[in-house]
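Using this note's numbering, read the sequence shown as starting at 2 and increasing by one per residue. Encoded as structure tokens, the structure appears first; notes follow it.
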Amino acid sequence: YPKRAARRKQQGTAIVGFRIYADGSIESITLVQSSGYPLLDDAALASVAKVEQFDAFPAEITVDSLYLEQPLQFVLQ
């Protein structure tokens, strides 16, 4: 959780879109829907970018890539 966002009591959900290729690499990370707070949006994008690599697709998945949209929720407790 971004410390400045927590101090400002900012909460919200950002939706991040990204493409995963068959080898597990990630590209095209974009903000699909803003949380309403740039600090939270930047943290959401950074959290997906930090992953860098997923496991390669199993043999049963025959597509070259998959596009996913993942909501990332920031809630203060």
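Beta carbons are placed, not taken as given, at the ideal position from N, Cα and C, and that holds for glycine. Only a predicted model underlies this, so the values are computations on that prediction, with no experimental measurement involved.
| Asked | Found |
| --- | --- |
| Quick test of the definition: if touching needs 3 or more C-beta pairs under 8 Å, does the segment 54–62 touch the segment 18–28? | yes |
| According to the neighbour-count rule (16 or more other Cβ atoms, all chains shown, within 10 Å of its Cβ), is residue 29 buried or exposed? | exposed |
| Since residue 72 is in the beta strand (DSSP E), which residue starts that stretch and which ends it? | 66–75 |
| Relative to the C-alpha of residue 27, which candidate in 41, 5, 37, 47 has its C-alpha closest? | 47 |
| Taking the alpha-carbon positions, what's the residue 35 to residue 59 distance? | 32 Å |
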